[in-house]
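I have placed the structure first, in the form of structure tokens, so that the comments after it can refer back to it.
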Amino acid sequence: MAVSFSSSAVSAVRSGVERELSAFYADHRQYLLEIAEELKPAADAVEAMISGGKRLRPTFCYWGWRAAGGTADDERIVRAAAALEFLQACALVHDDVIDNSDTRRGRPATHKRLAKLHADHGWSGASEGFGQGAAILIGDLCLAWSDEMYQASGFAPQTLQEGRVPFNAMRTEVMAGQYLDTLEQVRGTSSREAALRVMHYKSAKYTVERPLHMGAALAGRLTDLADVYTDYGIALGIAFQLRDDVLGVFGDPDTTGKPTGDDLREGKRTLVVAETLARASATDAERFESLLGATDLSVASVEWMCGLIEESGALAACENLIEEYAERALSALDSSELDPEARAPLRELVGAVTSRSR
Numbered sequence: 355m356a357v358s359f360s361s362s363a364v365s366a367v368r369s370g371v372e373r374e375l376s377a378f379y380a381d382h383r384q385y386l387l388e389i390a391e392e393l394k395p396a397a398d399a400v401e402a403m404i405s406g407g408k409r410l411r412p413t414f415c416y417w418g419w420r421a422a423g424g425t426a427d428d429e430r431i432v433r434a435a436a437a438l439e440f441l442q443a444c445a446l447v448h449d450d451v452i453d454n455s456d457t458r459r460g461r462p463a464t465h466k467r468l469a470k471l472h473a474d475h476g477w478s479g480a481s482e483g484f485g486q487g488a489a490i491l492i493g494d495l496c497l498a499w500s501d502e503m504y505q506a507s508g509f510a511p512q513t514l515q516e517g518r519v520p521f522n523a524m525r526t527e528v529m530a531g532q533y534l535d536t537l538e539q540v541r542g543t544s545s546r547e548a549a550l551r552v553m554h555y556k557s558a559k560y561t562v563e564r565p566l567h568m569g570a571a572l573a574g575r576l577t578d579l580a581d582v583y584t585d586y587g588i589a590l591g592i593a594f595q596l597r598d599d600v601l602g603v604f605g606d607p608d609t610t611g612k613p614t615g616d617d618l619r620e621g622k623r624t625l626v627v628a629e630t631l632a633r634a635s636a637t638d639a640e641r642f643e644s645l646l647g648a649t650d651l652s653v654a655s656v657e658w659m660c661g662l663i664e665e666s667g668a669l670a671a672c673e674n675l676i677e678e679y680a681e682r683a684l685s686a687l688d689s690s691e692l693d694p695e696a697r698a699p700l701r702e703l704v705g706a707v708t709s710r711s712r
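Numbered by our numbering, the letters in the sequence shown go through residues 355 to 712 in order.
Put into structure tokens, the structure is as follows:
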């Protein structure tokens, strides 16, 4: 989803993260162009992917560091945290290929822009195949650059090694979560349990818990804070993904960068879908299931599906769950282990990432 919320906790980190990303990208773009001028479209695609976004993972990494007693003006943590944006770029590029999404943040998805390049030049073969292959390689490049940027953050080797424990777990878990998500789509699974398992690994641990753990590890306090950050991070991560899933159906296209009901067209087996199928009548559930994931889904069908989500009580149930998980996250912040100066920003982030207007 596109950026649409303002938060001082994010703003405190954003400028530094963008500065570090810009410097790293500029150097590596030049290297790509020295290899071959033909790599310019690939470099441009990387730039498009890192030029937007909420910067949530770097933000949680930074405040994980601060709540563990790390200093506010240490450029090393900003650099290490910024490396997570290249990991996120990799995940989004690959996710769009898997889902065959047309857009990302209101612009053509990476595989679509590279397919257009192929078509515009009249090259041989299938434009779609070229776009997908090129996007996979661009995602892989972002993954490599994420590791390289982290390694060059400036921390001592032993500190970097300690930070690698959650960093490595984060990368494994998001790939595992993505695989489970893909598996549930082809299985046609629509259970609450399956949806929550995907959210746990693909979003909650990846977006909130592990970045917090990484910040704590780089500050030398992962052992002390791991449990607190897990209680906060998993609860908030699920609430965050639930809000994204609701916005994926009901969100304003000008805000989300995607058409209304886009998740329904893509056939995503979210908790919103699971709750709807569990609550709707057999006839309505059967029709909803038959429409879910239809590439030619009409506006009228999207409106009917949205209406059923509301009328069945599924939307209200998801909103209640968002509030419940947000409260769990807030309760975790009562821990005396946290640096008091970081408690307010972490509390503010709960509201920011679960807001209905973000």
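Backbone N, C-alpha and C fix where the C-beta goes; we use that ideal spot for every residue, glycine too.
Query	Result
Coarse secondary structure for residue 457, derived from DSSP in three states	strand
At least three beta-carbon pairs within less than 8 angstroms, the segment 431-449 to the segment 503-515	yes
Whole-angstrom C-beta distance between residue 686 and residue 558, which should lie under 8 angstroms	With 8 angstroms as the limit, residue 558 and residue 686 do not qualify as a contact, their Cβ atoms being about 13 angstroms apart.
DSSP-derived helix/strand/coil call for residue 449	helix
The segment 597-606 touching the segment 614-623, judged by at least three CB pairs closer than 8 angstroms	yes
Distance between residue 499 and residue 387 (C-alpha atoms, nearest Å)	16 angstroms
Contact under 8 angstroms by Cβ, residue 400 with residue 469	no
Extent of the continuous alpha helix (DSSP H) run through residue 679	668-686
Three-state class that DSSP yields for residue 613 in the structure shown	coil
Residues that DSSP places opposite residue 462 in a beta bridge	457
In chain order, each alpha helix (DSSP H) run of at least 4 residues that lies wholly inside the segment 475-555	481-505, 511-541, 546-553
Assigned exposure category for residue 450 - 16 Cβ within 10 Å defines buried	buried
Nearest candidate by alpha-carbon position, reference residue 682, set 630, 587, 465, 637	587
Which listed residue (456, 462, 425) has its alpha carbon closest to that of residue 398	462
Buried versus exposed, by CB contacts within 10 Å (16 or more), residue 356	Because the pLDDT of residue 356 is 39, which lies under 50, any placement of that residue in the model is unreliable, and the number read from its coordinates should be weighed accordingly. The residue in question, residue 356, is buried, as its Cβ has 16 or more Cβ neighbours within 10 Å.
Residue 630 (DSSP reduced to helix, strand or coil)	helix
C-beta contact flag for residue 574 and residue 555 at 8 angstroms	no
Reduced DSSP category for residue 585 - H, G, I as helix; E, B as strand; rest coil	helix
Alpha helix (DSSP H) segment containing residue 386, residue limits	362-389
Nearest candidate by alpha-carbon position, reference residue 465, set 585, 636, 447	447
Assigned exposure category for residue 692 - 16 Cβ within 10 Å defines buried	buried
Proximity winner among 632, 581, 471, 621, relative to residue 547 (alpha-carbon distances)	632
Closest by C-alpha distance to residue 419, when choosing among 569, 486, 628, 711	569
Extent of the continuous alpha helix (DSSP H) to which residue 421 belongs	410-421
Alpha-carbon spacing of residue 513 relative to residue 581, whole angstroms	20 angstroms
Check whether residue 634 and residue 666 have beta carbons under 8 angstroms apart	yes
Test item: CB-CB of residue 441 and residue 412 under 8 angstroms	no
Whole-angstrom distance between residue 392 and residue 483, CA atom to CA atom	18 angstroms
Residue 535, buried or exposed, once every other Cβ within 10 Å from all chains shown has been counted against 16	buried
Residue 379 vs residue 404 beta-carbon contact at 8 angstroms	yes
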